[in-house]
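*Asks:* Just so you know, the protein sequences line up as chains X and G, in that order. In this text, residue positions in the first sequence follow the numbering used here: the first is 35, and each later residue adds one. In this text, residue positions in the second sequence follow the numbering used here: the first is 2, and each later residue adds one.
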Amino acid sequence: MEQSAEELNKIEKKDLFTSGHRACGGCGQALAARLVADASGENTIACVATGCLEVFSSPYPDPSWRIPFLHSLFENAAAVASGVEAAYKALNKGPVNIIAQGGDGSTADIGFQCMSGMFERGHNVLYVCYDNEAYMNTGVQRSSFTPLGARTSTTPMGNKTRKKNMPLLAADHGIPYVATATVDDFRDLQRKVKTALSIEGPKYIHILAPCPLGWGHHGELSVQICRLAKDTGIFPIYEIVDGKVTNVLKIPVKVPVEEYLKLQGRFKHLFKKGQPTPEVAEIQEIANQNIARFNL
Amino acid sequence: MEKLPLGLVIDLNQVVPYKTGSWRTLMPVNIMQVPPCTHACPAGNDIRGFLRVLAEKEDYEEAWHVLARTNPLPATCGRVCPHPCEAGCNRRDFDSSVAINCSERRVGDYGLEHNLEHKKLVSGRKEKIAVVGSGPAGLSCAFHLAKRGFKVKIFEAYGEPGGWMRYGIPPYRLPNYILKQEIDNILRLGIDLECNVKVGVNIPLDQLTREYNAVFLGVGAQKGLGIDVPGKDADNVYTGVDFLKQVNSGKWMEIGKDVVVIGGGNTAMDCARVSKRLGANVSVVYRRTRMEMPAITAEIDEAMEERIMFRYHTNPVKLVTDEGRVVGIFSIQMELKEPDASGRARPVPITGSEAFIPADTVIMATGQAVDYDGIDVQTVDNQWMYTNEHLMTSMEGVFAGGDAVAGLETVALAIGQGTQAASAIEDYIEGNVESNLAQPPVVYSRDLNTYYYNKQKQFNKEAVSIHTRLKNFREIYPSFDLKDIIEESKRCFSCGLCFHCGNCYMYCPDSAVKISPSTGGYEFDLDFCKGCGLCAKECPCHYIQLTLEK
Numbered sequence: 035m036e037q038s039a040e041e042l043n044k045i046e047k048k049d050l051f052t053s054g055h056r057a058c059g060g061c062g063q064a065l066a067a068r069l070v071a072d073a074s075g076e077n078t079i080a081c082v083a084t085g086c087l088e089v090f091s092s093p094y095p096d097p098s099w100r101i102p103f104l105h106s107l108f109e110n111a112a113a114v115a116s117g118v119e120a121a122y123k124a125l126n127k128g129p130v131n132i133i134a135q136g137g138d139g140s141t142a143d144i145g146f147q148c149m150s151g152m153f154e155r156g157h158n159v160l161y162v163c164y165d166n167e168a169y170m171n172t173g174v175q176r177s178s179f180t181p182l183g184a185r186t187s188t189t190p191m192g193n194k195t196r197k198k199n200m201p202l203l204a205a206d207h208g209i210p211y212v213a214t215a216t217v218d219d220f221r222d223l224q225r226k227v228k229t230a231l232s233i234e235g236p237k238y239i240h241i242l243a244p245c246p247l248g249w250g251h252h253g254e255l256s257v258q259i260c261r262l263a264k265d266t267g268i269f270p271i272y273e274i275v276d277g278k279v280t281n282v283l284k285i286p287v288k289v290p291v292e293e294y295l296k297l298q299g300r301f302k303h304l305f306k307k308g309q310p311t312p313e314v315a316e317i318q319e320i321a322n323q324n325i326a327r328f329n330l
Numbered sequence: 002m003e004k005l006p007l008g009l010v011i012d013l014n015q016v017v018p019y020k021t022g023s024w025r026t027l028m029p030v031n032i033m034q035v036p037p038c039t040h041a042c043p044a045g046n047d048i049r050g051f052l053r054v055l056a057e058k059e060d061y062e063e064a065w066h067v068l069a070r071t072n073p074l075p076a077t078c079g080r081v082c083p084h085p086c087e088a089g090c091n092r093r094d095f096d097s098s099v100a101i102n103c104s105e106r107r108v109g110d111y112g113l114e115h116n117l118e119h120k121k122l123v124s125g126r127k128e129k130i131a132v133v134g135s136g137p138a139g140l141s142c143a144f145h146l147a148k149r150g151f152k153v154k155i156f157e158a159y160g161e162p163g164g165w166m167r168y169g170i171p172p173y174r175l176p177n178y179i180l181k182q183e184i185d186n187i188l189r190l191g192i193d194l195e196c197n198v199k200v201g202v203n204i205p206l207d208q209l210t211r212e213y214n215a216v217f218l219g220v221g222a223q224k225g226l227g228i229d230v231p232g233k234d235a236d237n238v239y240t241g242v243d244f245l246k247q248v249n250s251g252k253w254m255e256i257g258k259d260v261v262v263i264g265g266g267n268t269a270m271d272c273a274r275v276s277k278r279l280g281a282n283v284s285v286v287y288r289r290t291r292m293e294m295p296a297i298t299a300e301i302d303e304a305m306e307e308r309i310m311f312r313y314h315t316n317p318v319k320l321v322t323d324e325g326r327v328v329g330i331f332s333i334q335m336e337l338k339e340p341d342a343s344g345r346a347r348p349v350p351i352t353g354s355e356a357f358i359p360a361d362t363v364i365m366a367t368g369q370a371v372d373y374d375g376i377d378v379q380t381v382d383n384q385w386m387y388t389n390e391h392l393m394t395s396m397e398g399v400f401a402g403g404d405a406v407a408g409l410e411t412v413a414l415a416i417g418q419g420t421q422a423a424s425a426i427e428d429y430i431e432g433n434v435e436s437n438l439a440q441p442p443v444v445y446s447r448d449l450n451t452y453y454y455n456k457q458k459q460f461n462k463e464a465v466s467i468h469t470r471l472k473n474f475r476e477i478y479p480s481f482d483l484k485d486i487i488e489e490s491k492r493c494f495s496c497g498l499c500f501h502c503g504n505c506y507m508y509c510p511d512s513a514v515k516i517s518p519s520t521g522g523y524e525f526d527l528d529f530c531k532g533c534g535l536c537a538k539e540c541p542c543h544y545i546q547l548t549l550e551k
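What follows is the structure, given as structure tokens:
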């Protein structure tokens with residue numbers, strides 16, 4: 035399925051994930067889910083793990099999805115998507131875009147083995163991870179994606195561990211396409227979804243989706259926070275095609291991490307009377323490592 | 002037996018979505034606001050309007066009509082206006098302002114090249130209005146009244162219309178043919194023009210007030226004031242006004258080798274540059290420094306480029322005469338002390354610093370006043386005409402505007418006052434009580450989200466070389482390329498008005514921004530909007546704002 039560059043760069047707005055869902059105002063995940071659904075088009079099956087997205091978008095009788103939607107357990111979205119793909123193959127039907135979607139918990143912690151198995155078996159499925167850096171649906175508990183220093187309900191003094199680097203883990207399964215994206219650059223995000231769907235085999239896209247409630251910021255800042263995550267180097271934007279890192283988004287003007295941290299309530303304890311604590315320097319070090327590693 | 006589908010089937014056409022709009026405490030609204038350029042423009046031109054037409058449609062004709070709604074002289078203003086709009090432009094805080102003045106000039110020229118005509122709004126009203134003076138204020142007032150269907154007659158004291166634009170501004174800044182075409186275009190609205198009639202001398206003002214329903218005085222400040230020094234009555238001493246009037250009437254002036262211009266205003270700059278073109282060595286003598294000069298900065302820069310000498314802190318004490326002709330001036334150096342009533346530093350002479358400057362001609366451009374010959378209206382400080390807030394003078398039915406009221410000001414301000422006076426005259430004739438509607442707020446750069454704009458260099462007009470320009474009176478800035486101006490118009494931020502960037506449409510997590518089927522613009526679906534404010538935050542031009550829920 036070769037697509038021209040024009041086709042890939044086109045912005046899609048079809049409202050296949052439509053209004054009326056119960057997400058909070060300014061929800062980054064709802065925005066990301068719509069951008070992904072619109073980019074993938076009508077010929078798509080969404081297999082969504084339990085989590086915020088499933089809860090707010092699929093209550094009977096008024097779901098927000100305008101494409102076939104399959105809800106599974108918390109851990110097995112990837113396994114269910116693999117089954118759907120196998121069924122299509124067995125029935126000799128298709129082609130159809132199959133997108134397994136999950137939050138960070140269902141991707142990195144609970145559902146990791148299902149996803150890893152899907153990658154290893156080589157199913158033609160796109161796995162999209164909406165990364166909001168904690169278990170937001172159940173009350174902001176720490177996940178293995180929670181960054182250093184972030185306060186969650188289970189790490190009230192701030193998280194002590196670093197964030198798991200899922201895109202590189204996924205790439206090391208030897209899958210053909212891995213990409214990272216944020217909701218602020220919708221053109222880039224939709225291009226990556228369309229590129230992924232044009233490739234045969236398992237694919238992984240990691241999307242940073244701010245959670246106003248869990249991150250402790252106003253809903254209107256969702257896009258700005260994503261932009262700062264990119265510009266500080268905390269969330270590098272790149273693609274890995276056949277094991278090679280390409281299309282790294284260069285940072286035009288590097289921003290200190292304080293700017294990113296200060297907007298969010300979950301990092302508030304890192305600033306005592308406006309002065310940064312030693313953790314801030316450590317977070318800056320993580321950003322610097324990212325900048326050096328991906329040559330941002 | 003009917004085969005039932007597997008699982009739960011929802012007919013998506015039957016779905017009644019849950020209306021999340023009830024969660025909202027703040028709601029987004031589209032508010033069209035005044036951009037700072039229009040706010041700063043004394044003529045109130047819709048600058049954003051014509052730049053957006055150029056940027057989106059690349060349509061010069063429509064852009065000209067947008068400009069001509071408020072300003073009947075775009076090609077003139079595009080040349081002589083000191084463009085306060087560009088100083089107000091929000092883009093200045095981002096990279097550099099949009100070249101509004103150049104764009105205006107190009108649009109105005111396009112209108113002249115293609116003979117575009119002004120549109121009349123209403124026609125066939127009986128009331129007659131007399132306009133005294135065909136300068137920018139008079140023309141603007143006549144233009145707006147004629148568009149509203151009044152019968153307008155202009156009385157002009159000189160041989161050709163245009164006032165100070167014709168007889169004051171030299172042709173290298175504003176060529177006569179441009180001005181003439183623009184005036185002809187205005188007169189084509191059905192305005193009568195009578196030249197060589199000086200109201201108050203050839204025809205009494207009372208007669209006009211009797212014969213016409215209203216009178217507008219746009220007489221300007223055409224009386225040159227000199228300074229009171231010994232020798233000021235010599236033959237080769239002119240006031241700046243007289244000098245420019247004679248040169249611009251086409252009279253050849255014998256000015257000799259050395260010319261001294263006294264003063265630091267725009268008239269002084271014009272006199273100096275005209276004298277330079279007549280082949281003289283020119284020095285400008287000014288009591289204070291460049292900082293305090295009232296002339297337009299660009300004018301001073303261009304004068305300096307043309308090798309005109311500036312003597313600051315210099316005050317003429319005496320004009321040295323020989324057989325009734327000036328041969329030079331005695332001057333004294335000044336030092337600046339605490340500011341005087343005009344806010345400028347007060348010059349105080351330094352004793353023992355007298356010097357002699359040789360001169361074949363002395364031009365005193367040290368001030369202008371209104372010529373009140375036969376016009377008996379109340380004045381302010383014995384200088385400018387008194388008007389109330391509706392621009393009516395002390396005489397019933399006689400309105401005034403322009404330099405005669407505002408003091409020495411710009412063409413744009415005169416146009417603005419002419420426009421105001423036209424509204425006031427219409428209200429006066431119809432007996433309306435003018436209601437001052439509240440102006441929408443102005444957008445400043447702190448309100449904008451400039452992340453979505455790209456840095457781009459400003460359009461730079463290029464002057465012909467000094468060597469060439471001093472040889473004649475031709476315009477020093479040649480015509481601009483149509484394409485360059487289109488590129489320049491795309492730099493406009495469109496402050497306070499939607500330019501269809503689509504951010505709100507794409508970023509709304511609830512898909513509550515829809516494309517309106519009627520207008521094609523974006524509108525809010527308040528049934529679903531949760532009021533998160535993402536659209537307002539990411540709107541580049543501050544068109545979307547949050548307000549409290551009604």
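The beta carbon of each residue, even a glycine, is placed where N, CA and C say it ideally should be. Everything numeric in this text was worked out from a predicted model, so none of it was measured.
At what residues does the alpha helix (DSSP H) containing Leu209 of chain G begin and finish?
*Replies:* The residue labelled residue 209 of chain G in the question sits at position 208 within the second sequence. 206-212 is the extent of the alpha helix (DSSP H) around Leu209 of chain G.
*Asks:* Tell whether a beta-carbon distance below 8 Å holds between Leu547 of chain G and Met28 of chain G.
*Replies:* For the purposes of this step, residue 547 of chain G is taken as residue 546 along the second sequence, with counting starting at 1. For the purposes of this step, residue 28 of chain G is taken as residue 27 along the second sequence, with counting starting at 1. In contact: Leu547 of chain G and Met28 of chain G (Cβ atoms closer than 8 Å).
*Asks:* Residues in the segment 479-502 of chain G with C-beta within 9 Å of chain X's C-beta atoms, listed in sequence order?
*Replies:* The residues in question: there are none.
*Asks:* Give the C-beta separation of Val327 of chain G and Ala360 of chain G to the nearest angstrom, bearing in mind that I take them to be a contact with Cβ-Cβ under 8 Å.
*Replies:* Within the second sequence, residue 327 of chain G is the residue found at index 326, counting from 1. Within the second sequence, residue 360 of chain G is the residue found at index 359, counting from 1. Indeed they touch by this definition, with Cβ atoms about 6 Å apart.
*Asks:* Is there a C-beta anywhere in chain G that falls below 8 Å from the one on Lys47 of chain X?
*Replies:* The residue labelled residue 47 of chain X in the question sits at position 13 within the first sequence. Yes - at least one Cβ of chain G is within 8 Å of the one on Lys47 of chain X.
*Asks:* Is the distance from the Cβ of Phe311 of chain G to the Cβ of Val275 of chain G below 8 Å?
*Replies:* Working through the second sequence from its first residue, we reach residue 311 of chain G at position 310. Working through the second sequence from its first residue, we reach residue 275 of chain G at position 274. Not a contact, by the Cβ cut-off of 8 Å.
*Asks:* Below 9 Å on C-beta distance, what does Asp526 of chain G contact in chain X?
*Replies:* Stepping through the second sequence from its first residue, residue 526 of chain G is reached at position 525. Those within 9 Å of Asp526 of chain G in chain X are Ser53.
*Asks:* Drop a sphere of 10 angstroms on the beta-carbon of Leu549 of chain G, count the other beta-carbons inside from all chains shown, and report buried for 16 or more, exposed for fewer.
*Replies:* Translated into positions along the second sequence, residue 549 of chain G becomes position 548. It counts as exposed.
*Asks:* Using 8 Å as the cut-off, can you tell me whether the segment 249-262 of chain X makes contact with the segment 217-232 of chain X, which would need three or more C-beta pairs spanning the two stretches below that distance?
*Replies:* Flag = yes, the segment 249-262 of chain X and the segment 217-232 of chain X touch.
*Asks:* How about Asp511 of chain G: is its C-beta nearer than 8 Å to some C-beta of chain X?
*Replies:* In the second sequence, the residue the question calls residue 511 of chain G occupies position 510. With 8 Å as the cut-off, Asp511 of chain G counts as an interface residue toward chain X.
*Asks:* Whose C-beta lies closer than 7 Å to the C-beta of Arg492 of chain G among residues of the same chain, with five residues either side of it excluded?
*Replies:* Along the second sequence, read from residue 1 onward, the residue named residue 492 of chain G stands at position 491. Correct list, in chain order: Arg92, Val99, Gln457.
*Asks:* In chain X, which residues lie less than 7 Å from Thr520 of chain G when you measure between Cβ atoms?
*Replies:* Taking the first residue of the second sequence as position 1, residue 520 of chain G is located at position 519. Correct list: empty, because the minimum Cβ distance to chain X is about 18 Å.
*Asks:* Under 8 Å, do Leu209 of chain G and Ile155 of chain G count as touching if we go by C-beta distance?
*Replies:* Position 208 of the second sequence, counted from the first residue, corresponds to residue 209 of chain G. Position 154 of the second sequence, counted from the first residue, corresponds to residue 155 of chain G. No, these two residues do not count as a Cβ contact at 8 Å.
*Asks:* So, are the CB atoms of Gln369 of chain G and Leu320 of chain G less than 8 Å apart?
*Replies:* Residue numbering aside, residue 369 of chain G sits at position 368 when the second sequence is read from its first letter. Residue numbering aside, residue 320 of chain G sits at position 319 when the second sequence is read from its first letter. Their beta carbons are not under 8 Å apart, which means Gln369 of chain G does not touch Leu320 of chain G by this criterion.
*Asks:* Do we get a CB-CB distance below 8 Å when we pair Ala413 of chain G with the residues of chain X?
*Replies:* Translated into the one-based positions of the second sequence, residue 413 of chain G becomes position 412. So no, Ala413 of chain G is outside the interface.
*Asks:* Under 8 Å, do Tyr238 of chain X and Pro190 of chain X count as touching if we go by C-beta distance?
*Replies:* Along the first sequence, one-based indexing puts residue 238 of chain X at 204. Along the first sequence, one-based indexing puts residue 190 of chain X at 156. Not in contact: Tyr238 of chain X and Pro190 of chain X (Cβ atoms no closer than 8 Å).
*Asks:* Give me the Cα-Cα distance between Arg155 of chain X and Leu104 of chain X, rounded to the nearest whole angstrom.
*Replies:* Against the first sequence, residue 155 of chain X aligns to sequence position 121. Against the first sequence, residue 104 of chain X aligns to sequence position 70. Roughly 21 Å between the two C-alpha positions.
*Asks:* Chain X beta carbons: is any one of them nearer than 8 Å to that of Glu506 of chain G?
*Replies:* Locating residue 506 of chain G in the second sequence gives position 505, counting from the first residue. Per the sequence presented here, residue 506 of chain G reads as Tyr, with Glu not at that position. Chain X contact via Cβ: present.
*Asks:* Identify which residue in G:Lys277, G:Arg149, G:Thr322, G:Gly325 has its Cα closest to the Cα of Met305 of chain G.
*Replies:* Within the second sequence, the letter at position 304 stands for residue 305 of chain G. Among G:Lys277, G:Arg149, G:Thr322, G:Gly325, the Cα nearest to that of Met305 of chain G belongs to G:Lys277.
*Asks:* Quick check on the DSSP output: the beta strand (DSSP E) that includes Thr268 of chain G runs from which residue to which?
*Replies:* For the purposes of this step, residue 268 of chain G is identified with residue 267 of the second sequence, where counting begins at 1. Run containing Thr268 of chain G: none in the beta strand (DSSP E); it sits in the alpha helix (DSSP H), 267-278.
*Asks:* Closer than 9 Å, Cβ to any Cβ of chain G: which residues of the segment 230-259 of chain X, in chain order?
*Replies:* Listed by position along the chain: Pro246, His252, Gly253, Glu254, Leu255, Ser256, Val257, Gln258.
*Asks:* Residues of chain X with CB closer than 7 Å to the CB of Cys533 of chain G, please, in chain order.
*Replies:* Reading the second sequence from its first residue, position 532 is the one you call residue 533 of chain G. Here the neighbours are Gly59, Gly60, Gly253, Glu254.
*Asks:* Short of 8 Å Cβ to Cβ, which residues in the segment 34-52 of chain G face chain X?
*Replies:* Of all residues in the segment 34-52 of chain G, none has a Cβ within less than 8 Å of some Cβ in chain X.
*Asks:* Based on the DSSP secondary-structure assignment, which residues constitute the bridge partners of Thr216 of chain X?
*Replies:* Taking the first sequence and counting its residues from 1, the one referred to as residue 216 of chain X is at position 182. Answer is X:Leu242.
*Asks:* Closest to Phe217 of chain G by C-alpha separation, out of G:Gly125, G:Pro73, G:Val406, G:Ser466, would be which residue?
*Replies:* The count along the second sequence starts at 1 and reaches residue 217 of chain G at position 216. Nearest C-alpha to Phe217 of chain G: G:Val406.
*Asks:* Can you tell me whether Glu336 of chain G is helix, strand or coil according to DSSP?
*Replies:* Locating residue 336 of chain G in the second sequence gives position 335, where the first residue counts as 1. If DSSP states are grouped into helix, strand and coil, Glu336 of chain G belongs with the strands.
*Asks:* Is the distance from the Cβ of Ile477 of chain G to the Cβ of Arg107 of chain G below 8 Å?
*Replies:* Here residue 477 of chain G corresponds to residue number 476 of the second sequence, with the count starting at 1. Here residue 107 of chain G corresponds to residue number 106 of the second sequence, with the count starting at 1. No, the Cβ-Cβ distance between Ile477 of chain G and Arg107 of chain G is not below 8 Å.
*Asks:* Across which residues does DSSP place Asp302 of chain G in a beta bridge pair?
*Replies:* Within the second sequence, residue 302 of chain G is the residue found at index 301, counting from 1. Answer by DSSP bridge pairing: none, since Asp302 of chain G is not bridged.
*Asks:* Please identify the residue among G:Gly164, G:Gln182, G:Met335 whose C-alpha is closest to the C-alpha of Lys246 of chain G.
*Replies:* Here residue 246 of chain G refers to the residue found at position 245 when the second sequence is read from its first residue. Per the Cα distances, G:Gly164.
*Asks:* With a cut-off of 8 Å on the beta carbons, I'd call Leu226 of chain G and Thr367 of chain G a contact; round off their distance for me.
*Replies:* Position 225 of the second sequence, counted from the start, is the residue given in the question as residue 226 of chain G. Position 366 of the second sequence, counted from the start, is the residue given in the question as residue 367 of chain G. Correct: roughly 6 Å between the Cβ atoms.
*Asks:* Could you pull out every residue in the same chain whose Cβ sits closer than 7 Å to the Cβ of Gly417 of chain G, ignoring the five residues on either side in sequence?
*Replies:* The count along the second sequence starts at 1 and reaches residue 417 of chain G at position 416. Cβ within range, chain order: Pro43, Ala44, Gly45.
*Asks:* Put Ser124 of chain G into one of helix, strand or coil per three-state DSSP.
*Replies:* Within the second sequence, the letter at position 123 stands for residue 124 of chain G. If DSSP states are grouped into helix, strand and coil, Ser124 of chain G belongs with coil.
*Asks:* List, in chain order, every chain G residue whose beta-carbon is nearer than 7 Å to that of Pro102 of chain X.
*Replies:* One-based indexing of the first sequence puts residue 102 of chain X at position 68. Per Cβ cutoff of 7 Å: no residues; Pro102 of chain X is ~10 Å from chain G at best.
*Asks:* Cα separation between His119 of chain G and Ile187 of chain G?
*Replies:* Residue numbering aside, residue 119 of chain G sits at position 118 when the second sequence is read from its first letter. Residue numbering aside, residue 187 of chain G sits at position 186 when the second sequence is read from its first letter. Their Cα atoms are separated by approximately 7 Å.
*Asks:* Could you pull out every residue in the same chain whose Cβ sits closer than 8 Å to the Cβ of Met152 of chain X, ignoring the five residues on either side in sequence?
*Replies:* If you number the first sequence from 1, residue 152 of chain X lands on position 118. So the qualifying residues of the chain are Ala112, Ala113, Ala115, Ser116, Ala134, Val159, Tyr161, Pro236.
*Asks:* Going by the CB atoms, is the gap between Tyr168 of chain G and Tyr159 of chain G shorter than 8 Å?
*Replies:* For the purposes of this step, residue 159 of chain G is identified with residue 158 of the second sequence, where counting begins at 1. For the purposes of this step, residue 168 of chain G is identified with residue 167 of the second sequence, where counting begins at 1. Taking 8 Å as the Cβ cut-off, Tyr159 of chain G and Tyr168 of chain G qualify as a contacting pair.
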